[in-house]
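See structure below.
Protein chains: 2
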Amino acid sequence: MTQERIKVASLLDKVMSAAEAAQLFEDGMVVGSSGFTKAGDSKEVLPAFADRVAAGEKVQITLLTGASLGHGTDGKLAAAGALKKRMPFQVDATLRGKINQGEILYLDQHLSEAAELLHNGFMKLDLAVLEVAGIEKDGSLIPTTSVGNSASFAALADKVILEVNESVPLDVLGIHDIYMAESYPYRNVIPVVAADNKIGRRTIPLDISKVVAIVRTSKHDSPADIAAPDAKTTAIAGHILKFLEAEVEAERLTERLLPLQAGIGKVANAVLTGFKDSNFKHLTMFSEVLQDSTFDLIDAGVMDFASASSITVSAECYDRVMNNLDAYRDKMVLRPQNISNTPGLIRRLGVIAINTAIEFDIYGNVNSTHISGSRLMNGIGGSGDFARNAYLSIFVTQAASKENKISHVLPMVSHVDHTEHDVDILVTDVGLADLRGLAPRERAIEIINNCVHEDYREELKTYFERACAEVGGQTPHLLGEAFAWHIRLAETGSMKKTVTA
Amino acid sequence: MTQERIKVASLLDKVMSAAEAAQLFEDGMVVGSSGFTKAGDSKEVLPAFADRVAAGEKVQITLLTGASLGHGTDGKLAAAGALKKRMPFQVDATLRGKINQGEILYLDQHLSEAAELLHNGFMKLDLAVLEVAGIEKDGSLIPTTSVGNSASFAALADKVILEVNESVPLDVLGIHDIYMAESYPYRNVIPVVAADNKIGRRTIPLDISKVVAIVRTSKHDSPADIAAPDAKTTAIAGHILKFLEAEVEAERLTERLLPLQAGIGKVANAVLTGFKDSNFKHLTMFSEVLQDSTFDLIDAGVMDFASASSITVSAECYDRVMNNLDAYRDKMVLRPQNISNTPGLIRRLGVIAINTAIEFDIYGNVNSTHISGSRLMNGIGGSGDFARNAYLSIFVTQAASKENKISHVLPMVSHVDHTEHDVDILVTDVGLADLRGLAPRERAIEIINNCVHEDYREELKTYFERACAEVGGQTPHLLGEAFAWHIRLAETGSMKKTVTA
Numbered sequence: 029m030t031q032e033r034i035k036v037a038s039l040l041d042k043v044m045s046a047a048e049a050a051q052l053f054e055d056g057m058v059v060g061s062s063g064f065t066k067a068g069d070s071k072e073v074l075p076a077f078a079d080r081v082a083a084g085e086k087v088q089i090t091l092l093t094g095a096s097l098g099h100g101t102d103g104k105l106a107a108a109g110a111l112k113k114r115m116p117f118q119v120d121a122t123l124r125g126k127i128n129q130g131e132i133l134y135l136d137q138h139l140s141e142a143a144e145l146l147h148n149g150f151m152k153l154d155l156a157v158l159e160v161a162g163i164e165k166d167g168s169l170i171p172t173t174s175v176g177n178s179a180s181f182a183a184l185a186d187k188v189i190l191e192v193n194e195s196v197p198l199d200v201l202g203i204h205d206i207y208m209a210e211s212y213p214y215r216n217v218i219p220v221v222a223a224d225n226k227i228g229r230r231t232i233p234l235d236i237s238k239v240v241a242i243v244r245t246s247k248h249d250s251p252a253d254i255a256a257p258d259a260k261t262t263a264i265a266g267h268i269l270k271f272l273e274a275e276v277e278a279e280r281l282t283e284r285l286l287p288l289q290a291g292i293g294k295v296a297n298a299v300l301t302g303f304k305d306s307n308f309k310h311l312t313m314f315s316e317v318l319q320d321s322t323f324d325l326i327d328a329g330v331m332d333f334a335s336a337s338s339i340t341v342s343a344e345c346y347d348r349v350m351n352n353l354d355a356y357r358d359k360m361v362l363r364p365q366n367i368s369n370t371p372g373l374i375r376r377l378g379v380i381a382i383n384t385a386i387e388f389d390i391y392g393n394v395n396s397t398h399i400s401g402s403r404l405m406n407g408i409g410g411s412g413d414f415a416r417n418a419y420l421s422i423f424v425t426q427a428a429s430k431e432n433k434i435s436h437v438l439p440m441v442s443h444v445d446h447t448e449h450d451v452d453i454l455v456t457d458v459g460l461a462d463l464r465g466l467a468p469r470e471r472a473i474e475i476i477n478n479c480v481h482e483d484y485r486e487e488l489k490t491y492f493e494r495a496c497a498e499v500g501g502q503t504p505h506l507l508g509e510a511f512a513w514h515i516r517l518a519e520t521g522s523m524k525k526t527v528t529a
Numbered sequence: 029m030t031q032e033r034i035k036v037a038s039l040l041d042k043v044m045s046a047a048e049a050a051q052l053f054e055d056g057m058v059v060g061s062s063g064f065t066k067a068g069d070s071k072e073v074l075p076a077f078a079d080r081v082a083a084g085e086k087v088q089i090t091l092l093t094g095a096s097l098g099h100g101t102d103g104k105l106a107a108a109g110a111l112k113k114r115m116p117f118q119v120d121a122t123l124r125g126k127i128n129q130g131e132i133l134y135l136d137q138h139l140s141e142a143a144e145l146l147h148n149g150f151m152k153l154d155l156a157v158l159e160v161a162g163i164e165k166d167g168s169l170i171p172t173t174s175v176g177n178s179a180s181f182a183a184l185a186d187k188v189i190l191e192v193n194e195s196v197p198l199d200v201l202g203i204h205d206i207y208m209a210e211s212y213p214y215r216n217v218i219p220v221v222a223a224d225n226k227i228g229r230r231t232i233p234l235d236i237s238k239v240v241a242i243v244r245t246s247k248h249d250s251p252a253d254i255a256a257p258d259a260k261t262t263a264i265a266g267h268i269l270k271f272l273e274a275e276v277e278a279e280r281l282t283e284r285l286l287p288l289q290a291g292i293g294k295v296a297n298a299v300l301t302g303f304k305d306s307n308f309k310h311l312t313m314f315s316e317v318l319q320d321s322t323f324d325l326i327d328a329g330v331m332d333f334a335s336a337s338s339i340t341v342s343a344e345c346y347d348r349v350m351n352n353l354d355a356y357r358d359k360m361v362l363r364p365q366n367i368s369n370t371p372g373l374i375r376r377l378g379v380i381a382i383n384t385a386i387e388f389d390i391y392g393n394v395n396s397t398h399i400s401g402s403r404l405m406n407g408i409g410g411s412g413d414f415a416r417n418a419y420l421s422i423f424v425t426q427a428a429s430k431e432n433k434i435s436h437v438l439p440m441v442s443h444v445d446h447t448e449h450d451v452d453i454l455v456t457d458v459g460l461a462d463l464r465g466l467a468p469r470e471r472a473i474e475i476i477n478n479c480v481h482e483d484y485r486e487e488l489k490t491y492f493e494r495a496c497a498e499v500g501g502q503t504p505h506l507l508g509e510a511f512a513w514h515i516r517l518a519e520t521g522s523m524k525k526t527v528t529a
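See the structure below:
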């Protein structure tokens, strides 16, 4: 690879094995790694570091990333005892277990804000581990399938380890738009006024004197698991599409809608897939992750342009994109996550944001992160960045699950990630609640009538009516009963009053 | 007044009494009124409308404002039964009572978003009632002591009633900066990069064919009630000033700090007053309300410039400002609240935001609006706009109140307005907790050690330790006990286990 991928001759003697590079980690270090929803993560050095610790060395680090890592890396690091603290996002079962046991500290952050914490000097970065497709003559880096926080890590870390991924075509150059916000107090306008605006440079600037190791790899990103739509996700997608059609009918939107953001997963995929056979056209995305459905819409001529921070796709779609970069280069862009997710752009562009909830309550508060108030699921990710600033903030979940023993619409959520103030539309497979312009007591009626599974509707209605009668207030609650359903679930395995198991 | 204040001759025959103008309100109308934290509100027409309804006519409206109104107007309207729905903010005891009884619906909104709801067509505006200092030859309006949502109301209402306030000097012209965000999908950059940037016009554009009435007044704004600092507010202010000094020492900030935002009230005044005898200089504000303390700092030469949406000051300070407009004109600006409070500018400028909490919990979630989960106090106001996007998001409250029968630091807040993700610093009279970079379990220890009143510290510590041991998780909670303190308060009049009354 060398000359073609590493165009700075003086860096060639930094090439070493992953195991050698892993020796550069020291106990207590704060390490920033590339990787956003599996894409563009460290495939050699972090796993080798996990191996080093698993072999018995006592080295614990604080690990920052863009978002989640692939290849079970978070799990390996967690199992080995290599992590003291992790931020800003994760989805790994082993890591989650250690977090919930209190063995690993987890800072669950808005994805736009991890870099702010560093840029503002609230935390120092000792080491960066960055996957790149190549190193340019000027020392700057060509990212691979994600940008994430890599530009900030490259700028702020004391030392840098590069993983050169030879399986990523070098003509990935040009799909990235690297723009760094200035430091306070002289931060300027971020001049994006449409999803397809490119405002920065194509590569990540780097002071090459900071490079301490270069490691070669040819591993692909872990592929996304794309679950096929089922009856519930299809129903949810249908409600959303019908709602958007009505908005066009009411002339609040055009057939081009406004830039779309969709969280990861089945529902997002089902909604986006639904656009393929709709009357909507010339769509755009201003999101954080590009999934298979995005490229399907581009290929179908329904979507004009997609902006995000990563490409997280199936193996089939990965090949399709990588083998046709010239065709996609003008139809997509990957940005740093403090640009893709920055509040001002989301408000300015008027994003339609669709994110998944774990549960929501009768007043429209949403829990995205915790099971029964205490146990972490994944993390808030970008949902708060988008929901708080979107033109339309939509949250989806199934009405009930586990043979309907769990209702996802509740008297009161056990943890709040998005408040009633930030939620416009709630959707379950049962139906859609439009909360725009509604006061809490109106919202409760709209949600109970439209979103709740029938097994729970009557009890939820009774809760609301009794709260109004017995306590009253702007947001009537019976504090002694607000979590009764969660407590019942813990005690009996079901939220239902009479267990039918 | 006529020729001097109303420079469009054709409008002169629209001048009428407040009682006549009040006849233009129809049942079911959506009405937008000027007024932001008492400043620049309708002093004649809304009270006359309240009188009309109090006299027996059945007319109910939805009323939007900038923020709260003065002169007991909200109370009069509420008592008369003239309000069906109210948004986005209020502070009136009578209105609050009706809201909590469920008689008046209240949409508690981020102050930056009320205008968005209208501009995006989610709600239609029938009538606007706007206080102005005068009407220019081109039909445009000179606002008075606030801008609030007046520019949006003028643009979007079908009909407009103007209240010309002859007590406001006409040379108030120039203290306002009227900039309207474009409609989607072509919204542009808001080109403010420093608190003192003026980017718009001095007057509010208006299609004068919409004017249906002009009413004269010479009433002053209701004066702000400035409570003198007490031991607790002085302690809180001291903790904040010491913290900011340490940030300068750590070279994260300079002696100029970053633009300050402070909520209304005693604590904000105490903090700002504290700056007068500090080492900080060349301060700026990027806030929503300018209070007495702002003008004291300007007069003392400590503050260079202040940006907000209203001037809400004591009678003494009101005279000082109005009689010296030439001296203040280059040192302040009043903006529409969807500019003063817009997320992108708050992030871009790096605002240091100081807002008041009703209560917060051991993990850093903040309740700004509700008493014991159900009963509304005032509303979220601009606190969410600022907290979510600030460089530093600081919330303050007293550790305990009512002879220490109420702790304001709790196992779990009874209502969440600001989530753990959005809160950096918590302060009580006891001390300050710096949550930056901390995971929930670390936050709990920091908050319990630094912010809790001594009467509650041991029980809170025990709650946290038992939740960790018995439940575990990222955010350990005992759902069956999380609201025990609120329930105890309702039952016994105290949050303490042993009532000492």
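Just so you know, the sequences run in chain order C and E. Take the first sequence: its letters are residues 29 to 529, numbered as in this note's numbering. Take the second sequence: its letters are residues 29 to 529, numbered as in this note's numbering. The C-beta atom is built at its ideal place from N, Cα and C for all residues, glycine as well.
- Residue range 371 to 377 is occupied by the alpha helix (DSSP H) that includes G372/E.
- Closer than 7 Å at the C-beta level to chain C, one finds these residues of the segment 402 to 417 of chain E: S402, R403, L404, I408, G412, R416, N417.
- Annotated three-state conformation of A142/E is helix, per DSSP.
- Within chain C, the residues T447, H449 have their CB atoms less than 8 Å from the CB of D445/E, given in chain order.
- For Y134/E, the C-beta contacts it makes with chain C under 7 Å involve A467, Q502, in order along the chain.
- T301/E and A82/E have their C-alpha atoms some 43 Å from each other.
- Annotated as distal: S246/C and S178/C, with beta-carbon spacing of 8 Å or more.
- In the DSSP secondary-structure assignment, N432/E is not bridged to any residue.
- DSSP assignment within the segment 407 to 484 of chain C yields the following whole beta strand (DSSP E) runs of 3 residues or more, N-terminal first: 420 to 424, 453 to 455, 460 to 462.
- Counted as a single uninterrupted DSSP element, the beta strand (DSSP E) harbouring S335/C occupies residues 331 to 336.
- Here DSSP, grouped into helix, strand and coil, assigns K104/E to helix.
- Taking the C-beta atoms as reference points, F117/E is found nearer than 8 Å to S96/E.
- Within the same chain, Cβ atoms closer than 6 Å to the Cβ of I254/E are found at D320, S342, the five residues on either side in sequence being excluded.
- Counting only runs of 3+ residues, the beta strand (DSSP E) found wholly inside the segment 108 to 132 of chain E occupies 111 to 115, in chain order.
- By a beta-carbon distance limit of 8 Å, A49/E contacts I189/E. Their separation comes to about 5 Å.
- For H505/E, the C-beta contacts it makes with chain C under 7 Å involve G401, S402, in order along the chain.
- Residues of the segment 311 to 340 of chain E whose Cβ lies closer than 8 Å to any Cβ of chain C: none.
- Between the segment 389 to 396 of chain C and the segment 351 to 369 of chain C, the count of C-beta pairs closer than 8 Å stays below three; the two stretches do not touch.
- Of all residues in the segment 109 to 133 of chain E, those with a C-beta nearer than 7 Å to a C-beta of chain C are K113, I127, N128, Q129, G130, L133, reading in chain order.
- Look at S96/C here: in three-state DSSP terms it is coil, with no helix or strand label.
- DSSP links E387/E through a beta bridge to N395/E.
- With respect to E144/C, K71/C sits apart: the two C-beta atoms are not nearer than 8 Å.
- For chain C, the residues of the segment 375 to 389 of chain E that bring a beta carbon within less than 8 Å of one of its beta carbons are R375, R376, L377, G378, in chain order.
- According to DSSP, residue pairing for M313/E in a beta bridge involves L288/E, A334/E.
- Cβ proximity to chain E below 8 Å picks out R284, L286 from the segment 283 to 315 of chain C.
- Residues of the segment 468 to 480 of chain C whose Cβ lies closer than 9 Å to any Cβ of chain E, in chain order: P468, R469, E470.
- Counting along the chain, the unbroken alpha helix (DSSP H) around L269/C starts and ends at 259 to 277.
- At least one CB of chain E lies nearer than 8 Å to the CB of Y419/C.
- From the beta-carbon of A510/E, the residues of chain C found nearer than 8 Å are G401, F511.
- With contacts defined as CB atoms closer than 8 Å, L169/E and I268/E fail to qualify as a contacting pair.
- The beta carbon of D452/E sits closer than 8 Å to those of A418, L420, S421, I422, D462, L463, R464, all from its chain and outside the five residues before and after it, given in chain order.
- Burial of Q426/E is indicated by the presence of at least 16 other C-beta atoms within 10 angstroms of its C-beta.
- For A47/E, the enclosing alpha helix (DSSP H) covers residues 46 to 50.
- Excluding the 5 residues flanking it on each side, H248/E has same chain C-beta neighbours closer than 8 Å at S195, A343, Y346, in chain order.
- Each of L74/E, H436/E, V87/E was checked against the Cα of D483/E, and the nearest Cα belongs to H436/E.
- From the beta-carbon of I515/C, the residues of chain E found nearer than 8 Å are L507, G508.
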